[in-house]
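Numbering-wise (full-length UniProt numbering), the sequence shown opens with residue 1 and increments by one.
Built from N, CA and C at the ideal position, the CB exists for glycine as well.
From a predicted model like this one, the values you see are computed outputs, not experimental measurements.
Here is the structure we will look at.
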Amino acid sequence: MRWRVMVLLKRSAYDLYVARHQDPNITSLLSNTQVIGNLQDRHRVHEHTLQVCRQVLDHRQSYIQYETRIRDQLEHPIHSMDLVITIGGDGTLLQASHYLDNSIPVLGVNSDPTLTSEVEEKLDEFDATRSSGHLCAATAGNFEQVLDEILEGTREPVKLQRISTFVDGIKVSSPALNDVLVAHPNPAAVSRCTFSILREETGKQRTPVIHSRSSGLRICTATGSTAAMKSAGGDVMPLSSTDLQYMVREPNTPHPKYKDFLRGWIRADEALYLNWRCRQGMVYFDGSHLCHPIKFGSKIEISSLKAPALQIFVAPQE
1 MRWRVMVLLK
11 RSAYDLYVAR
21 HQDPNITSLL
31 SNTQVIGNLQ
41 DRHRVHEHTL
51 QVCRQVLDHR
61 QSYIQYETRI
71 RDQLEHPIHS
81 MDLVITIGGD
91 GTLLQASHYL
101 DNSIPVLGVN
111 SDPTLTSEVE
121 EKLDEFDATR
131 SSGHLCAATA
141 GNFEQVLDEI
151 LEGTREPVKL
161 QRISTFVDGI
171 KVSSPALNDV
181 LVAHPNPAAV
191 SRCTFSILRE
201 ETGKQRTPVI
211 HSRSSGLRIC
221 TATGSTAAMK
231 SAGGDVMPLS
241 STDLQYMVRE
251 PNTPHPKYKD
261 FLRGWIRADE
271 ALYLNWRCRQ
281 GMVYFDGSHL
291 CHPIKFGSKI
301 EISSLKAPAL
311 QIFVAPQE
């Protein structure tokens, strides 16, 4: 068998904003030689990872046929591939996931891992955090080993739950791997909505209809429970969980009746039904880059039932 592989790349921040576009907004940043030096070093590390991965793939051309794409060039679902390799960070893998169903596994390579010693050393000068790579199973140092294990069948992908979203009965966007945020597009504005959780089989409500005024409603998967949801005080979920977790962000004087329902769970056999009550609104999928507008009266259904799982190679759990 000759594997068909798509390699999806990101551009480094230095390459994208400094070298390529000469962004005028970073003029003041360029005067800080330490910051620009850090960006240049991150660019070199990223380019080194790309070179290592290409060399590893080139040495296996007798049984790998690969093509390379820049992540921002993706416009259509990915088909006719046996494996997708993303080289960047979690953002690159998340972007790839929006174009994948449950038939093609993905391997993330963290091209610029955060160095704890560097972060501590530069703490009083600037933020030297690089990429967390939570979703990435490989780096330049172990890419060859991880790839060979995949090709030999000794490393199997796991299936991660995703989120399906319907607006007014129409399925929108690709399934979200981390989270969905329903909010006003202006972060200073109040998000008004009503929502409840229903059992799909019977249509019976498990929660009362909750009238919410807040900064938005976030719903996450187990994968996303270690990101924004954790930062907001949510629970970290087992990676294998098929449930979803929701949280009303910064609730504005909620009625005492709702105090036990401002955060909670959407089980695998349930869905959250939401009615939007603002003139403007937005549904955000895995961050700010992918979104769908909503308006007063829009009806939104969010669940895990109709979302295909994502096949992904993950690092061994400690």
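Buried or exposed (CB count within 10 angstroms, at least 16 for buried), residue i
i	result
T165	buried
L123	exposed
T202	exposed
T139	buried
N142	exposed
Q205	exposed
G169	exposed
Q34	exposed
K257	exposed
R162	buried
F261	buried
R218	buried
D286	buried
Y63	exposed
S131	buried
Q73	exposed
A176	buried
Pick from the options that is closest to residue i, judged by C-alpha positions
i	options	result
G88	R69, P77, G108	G108
R60	D168, R277, M1, L74	M1
T114	T129, H255, N102, S304	T129
E200	L50, D82, K306, R279	K306
T207	S214, L217, F195, G133	F195
residue 343	A188, L160, W265	One cannot answer for residue 343 here, as it falls past the ends of the chain, which runs 1 to 318.
E301	K171, R277, N38, D15	K171
residue 332	D148, Y63, S97, L310	The question about residue 332 has no answer, for the chain in this structure spans 1 to 318.
P77	V180, S103, Q65	S103
R54	V5, T33, I266, H255	V5
G216	P175, I312, L39, R277	R277
Y273	V283, D286, K299	K299
I312	D41, Y14, R69, V84	V84
E250	A137, A183, L9, L39	A183
G281	D179, S174, S191, S117	S191
P105	I150, E144, Q73, T226	I150
D179	D15, P254, T226	T226
L239	D148, L135, R11, W3	L135
Cα-Cα separation between residue i and residue j, rounded to whole angstroms
i	j	result
V45	E120	19 angstroms
P293	T49	38 angstroms
V56	A268	40 angstroms
H79	L100	8 angstroms
S288	F126	24 angstroms
P185	R155	42 angstroms
S214	L198	22 angstroms
D58	Q65	9 angstroms
N252	H43	44 angstroms
G37	V167	46 angstroms
S117	E47	21 angstroms
M229	V248	11 angstroms
C242	L310	What sits at residue 242 in the sequence shown is Thr, not Cys. When rounded, the distance between both Cα atoms is 12 angstroms.
M81	G264	38 angstroms
L9	T92	7 angstroms
A271	S303	5 angstroms
C193	G297	9 angstroms
M237	C220	10 angstroms
P316	N275	41 angstroms
Y246	P187	19 angstroms
K259	R69	48 angstroms
V7	R71	9 angstroms
R279	A189	11 angstroms
L39	E144	26 angstroms
Residues bridged to residue i (per DSSP)
i	result
T86	L8, G108
H76	Answer by DSSP bridge pairing: none, since H76 is not bridged.
S303	S164, A271
Y66	V5
H292	V283
I312	V106, V158
Any C-beta of chain C under 8 angstroms from that of residue i
i	result
H48	Looking for chain C here will not work: only one protein chain is present.
Checklist entry - Which whole runs of the beta strand (DSSP E) in the stretch 203-287 are 3 residues long or more, in chain order? => result 210-214, 217-220, 244-248, 263-266, 270-276, 280-285
Next on the checklist: Just to confirm the assignment: which complete beta strand (DSSP E) runs, minimum length 3, are found wholly within the stretch 171-201?
Outcome noted: 179-183, 191-199
Checklist entry - Which parts of the stretch 111-173 are runs of the alpha helix (DSSP H), unbroken and 4 residues or longer, counting only runs that do not cross its ends? => result 116-121, 143-152
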